Amino acid sequence: MKGFAMIKIGQVGWIEKEKPKVGPYDAVVRPLAVAPCTSDIHTVFEGAIGERYNMILGHEAVGEVVEVGSEVKDFKPGDRVVVPAITPDWRILEVQRGFHQHSGGMLAGWKFSNIKDGVFAEFFHVNDADMNLAHLPEDIPLEKAVMISDMMTTGFHGAELAEIGLGDTVAVIGIGPVGLMAVAGAKLRGAGRIIAVGSRPALIEAANFYGATDIVNYKNGDIVEQVMKLTDGKGVDRVIIAGAGPDAIDKAVKMVKPGGIVANVNYFGEGDVLPIGRLDWGAGMAHKTIKGGLCPGGRLRMEKLIDLVRYNRVDPGKMATHVFRGFEHIEKALLMMKDKQSDLIKPVVIIEE
Ligand code: NDP
Ligand code: ZN
């Protein structure tokens, strides 16, 4: 079968591989729609998590089940499914600690385009199909559904990690598709004021659509100063980081109030150390909590997010600014994610309606 792969750090291309085989609990799926992720760009072009050779890219997909193992109960060939970016091993004891993302080791729940071949292929393998796949309702179009697998779960996880409460003032640093879903998640959780930090007009318009009340353009000066000015020097209750470079945590710590939470879902692709200002962190005593997390995956999470789309709590379709038809467009879509032209939020490749 054909797949679009990371050949090595800095190089991508089409390769041929064996079609994957199912184990007793697994499924083989063929993609109906896929989307490239900024994380693929960090992985390939920054070498952010180390060298990988001939690894098929992609971890955002909806698909059709082609084959299932003998023990799979709830899925059969022909079923249309949402495939989470994170497909943990659910039979490892660590899962009972509550962090399925790290079942089998730190970040080991993130398998596609990290530790195994991803979804940019004619077929891909899903471990533990009953626990990781979710049925796709017929009334959700593919370009919306493919946003569930990673963008919604990640952005919403930012809002969950930040423990946003009713009326909180929240800053969201970065309003690409992840940050936009963090804005939407903050609104759903009852934030009062949502200050969105970005620069491109298309993203600013989308941030307003998803619930931002204020916009800070990081190209117009220091974002800490701008946020402090907007809040009369008080700062914000919560910060979600969904973009920017290695100084983002420091900036977030500066703008969050004592007792506040900084929640990071950004994938820091460069630098060995992420600095924070000693005095801004109250010399270690400010009760400013810093958290960071990989998005939740698995079936139940997908089913809950599907309901949010199905019952019109959020419309992730607005983020699909560039929709291509045909498997061969995967290459172009991935490279668009690298170059990020001004009107791009997220490219989607529809392989079959
Ligand atoms: P995008 O590149 O589309 O968006 C990044 C945003 O950050 C843009 O709004 C951009 O502004 C803004 N930005 C860039 N530089 C700065 C700066 N110096 N200060 C403030 N804002 C800045 O990224 P995505 O939304 O696709 O992804 C966001 C991050 O989330 C990525 O690192 C990705 O790898 C990661 N990720 C993490 C996951 C997880 O599980 N934790 C899962 C999926 C993704 P502008 O308007 O100028 O473009
Ligand atoms: Zn991703």
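The opening position of the sequence shown corresponds to residue 1 in the numbering used here, with each subsequent residue numbered one higher.
We treat Cβ as the ideally placed atom computed from N, Cα and C, and that holds for glycine.
Quantities reported herein were computed from a predicted structural model and do not represent experimental measurements.
Where does E4 sit, in a helix, a strand or coil, going by DSSP?
Numbered from 1 along the sequence shown, position 4 holds the residue referred to as residue 4. Reading off the sequence shown, one finds Phe at residue 4, where the question assumed Glu. Note: F4 maps to strand in three-state DSSP.
Pull up the distance between the alpha-carbon of V323 and that of L344, whole angstroms please.
Mapped onto the sequence shown, residue 323 falls at position 323. Mapped onto the sequence shown, residue 344 falls at position 344. Cα-Cα distance, rounded: 11 Å.
Whose CA, out of Y210, T169 and E18, lies closest to the CA of M319?
The residue you call residue 319 lines up with position 319 of the sequence shown. Taking only the C-alpha atoms, the option nearest M319 is Y210.
Please report the residue range of the beta strand (DSSP E) in which F327 lies.
As a working note, residue 327 is residue 327 in the sequence shown. No beta strand (DSSP E) contains F327, which DSSP labels as neither H nor E.
Between the Cα of G245 and those of I276, G109, V95 and V12, spot the shortest distance and give me the residue it belongs to.
On the sequence shown, residue 245 is found 245 positions in, with the first residue counted as 1. Taking only the C-alpha atoms, the option nearest G245 is I276.
Straight-line CA distance for I115 to L230?
For this step, residue 115 is matched to residue 115 along the sequence shown. For this step, residue 230 is matched to residue 230 along the sequence shown. Distance between the alpha carbons of I115 and L230: 43 Å.
Comparing C-alpha positions only, which one of P24, D128 and A121 sits nearest to G13?
Position 13 of the sequence shown, counting from 1, holds the residue named residue 13. Ranking P24, D128 and A121 by Cα distance to G13 puts A121 first.
Between V65 and V81, how many whole angstroms is the CB-CB distance? I'm expecting something under 8 Å.
Position 65 of the sequence shown, counted from the first residue, corresponds to residue 65. Position 81 of the sequence shown, counted from the first residue, corresponds to residue 81. Indeed, because the Cβ distance is near 6 Å, the residues count as touching under 8 Å.
Starting from the N-terminal side, write out each stretch of the alpha helix (DSSP H) that is 4 residues or longer and does not extend beyond the segment 201–269.
Counting only runs of 4 or more, we get 201–210, 223–230 and 248–255.
In terms of residues, what are the limits of the beta strand (DSSP E) holding E163?
The sequence position of residue 163 within the sequence shown is 163, counting from 1. E163 -> no beta strand (DSSP E), and no H or E assigned at all.
Quick check: G235 and N266, are their CB atoms within less than 9 Å of each other?
Counted from its first residue, the sequence shown places residue 235 at position 235. Counted from its first residue, the sequence shown places residue 266 at position 266. No, they are not a contact pair.
Take V172 as the anchor and find which of I261, H329, F75 and E67 has the nearest alpha-carbon.
Here residue 172 refers to the residue found at position 172 when the sequence shown is read from its first residue. For the residues I261, H329, F75 and E67, the minimum Cα distance to V172 belongs to I261.
Measuring CA to CA, which of K111, E18 and K76 is closest to Y25?
Translated into the one-based positions of the sequence shown, residue 25 becomes position 25. Closest by alpha carbon: K76.
Report the three-state DSSP secondary structure of G298 (helix, strand or coil).
Within the sequence shown, numbered from 1, the residue matching residue 298 stands at position 298. Coil.
Tell me, please, which residues DSSP counts as bridged to H135.
Counting from 1 along the sequence shown, the entry for residue 135 is found at position 135. V81.
Kindly indicate which three-state DSSP category M55 falls into: helix, strand or coil?
Translated into positions along the sequence shown, residue 55 becomes position 55. The answer is strand: DSSP assigns M55 an E or B state.
Quick one, which of G63, H100, V119 and L93 has its alpha-carbon nearest A5's?
Numbered from 1 along the sequence shown, position 5 holds the residue referred to as residue 5. Closest option to A5, Cα to Cα, is V119.
Is N132 near the ligand NDP, judged by its Cβ being under 8 Å from some heavy atom?
Indexing the sequence shown from 1 puts residue 132 at position 132. Flag unset: Cβ of N132 not near the ligand NDP.
Answer yes or no: do A61 and F124 have a C-beta to C-beta separation smaller than 9 Å?
In the sequence shown, residue 61 corresponds to position 61, counting from 1. In the sequence shown, residue 124 corresponds to position 124, counting from 1. Cβ distance < 9 Å, so A61 and F124 count as in contact.
Which whole-angstrom value is the C-beta distance of L32 and G63, which I expect to be below 8 Å?
To locate residue 32, count along the sequence shown from 1; it is residue 32. To locate residue 63, count along the sequence shown from 1; it is residue 63. Right, their Cβ atoms sit about 5 Å apart.
What's the C-alpha gap between S342 and P201?
In the sequence shown, the residue the question calls residue 342 occupies position 342. In the sequence shown, the residue the question calls residue 201 occupies position 201. Each residue's alpha carbon lies about 8 Å from the other.
So, for V22: in the same chain, excluding its five sequence neighbours on each side, which residues have a beta-carbon less than 6 Å away from its beta-carbon?
Residue mapping note: residue 22 aligns to position 22 of the sequence shown, counting from 1. Here the set comprises V28, E67 and G69.
Using only the alpha-carbon positions, how far apart do T213 and V183 sit?
If you number the sequence shown from 1, residue 213 lands on position 213. If you number the sequence shown from 1, residue 183 lands on position 183. Approximately 10 Å, taken between the alpha carbons.
In the DSSP assignment, find the beta strand (DSSP E) that holds E71 and state where it starts and stops.
Here residue 71 corresponds to residue number 71 of the sequence shown, with the count starting at 1. Element bounds for E71: n/a, residue is neither H nor E.
Only counting the same chain, and skipping five residues up and downstream in sequence, which positions put a Cβ closer than 6 Å to that of L161?
Along the sequence shown, one-based indexing puts residue 161 at 161. Here the set comprises A263, K291 and G293.
Please tell me whether, using a cut-off of 8 Å, the distance from the CB of E60 to the nearest non-hydrogen atom of the ligand ZN is below it.
Position 60 of the sequence shown, counted from the start, is the residue given in the question as residue 60. Yes - the ligand ZN has a heavy atom lying nearer than 8 Å to the Cβ of E60.
According to the neighbour-count rule (16 or more other Cβ atoms, all chains shown, within 10 Å of its Cβ), is D117 buried or exposed?
The count along the sequence shown starts at 1 and reaches residue 117 at position 117. Per the 10 Å Cβ criterion, buried.
Does the beta-carbon of H287, which I'm using as the reference point, lie nearer than 8 Å to any heavy atom of the ligand NDP?
The residue given as residue 287 occupies position 287 in the sequence shown. It does not: the Cβ of H287 is nowhere closer than 8 Å to a heavy atom of the ligand NDP.
Here's the rule I'm using: 16 or more other beta-carbon atoms within 10 Å means buried, otherwise exposed. How should L166 be labelled?
Looking up residue 166 in the sequence shown gives position 166. The residue is exposed, with fewer than 16 neighbouring Cβ atoms inside 10 Å.
Is it true that the CB of M152 sits closer than 9 Å to the CB of M131?
On the sequence shown, position 131 is the one that residue 131 refers to. On the sequence shown, position 152 is the one that residue 152 refers to. Not a contact, by the Cβ cut-off of 9 Å.
Report buried or exposed for L57, applying the criterion of at least 16 other Cβ atoms within 10 angstroms of its Cβ.
Translated into the one-based positions of the sequence shown, residue 57 becomes position 57. Classification of L57: buried, given that the 10 Å Cβ count is 16 or more.
What span of residues does the alpha helix (DSSP H) with V357 cover, start to end?
Nothing about residue 357 can be reported from this structure: the residues present for the chain run from 1 to 353 only.
Nearer than 8 Å: is that true of the beta carbon of D40 relative to any heavy atom of the ligand ZN?
Here residue 40 refers to the residue found at position 40 when the sequence shown is read from its first residue. Within the cutoff, so yes.
Since K346 is in the beta strand (DSSP E), which residue starts that stretch and which ends it?
Along the sequence shown, one-based indexing puts residue 346 at 346. Element bounds for K346: K346 to I350.
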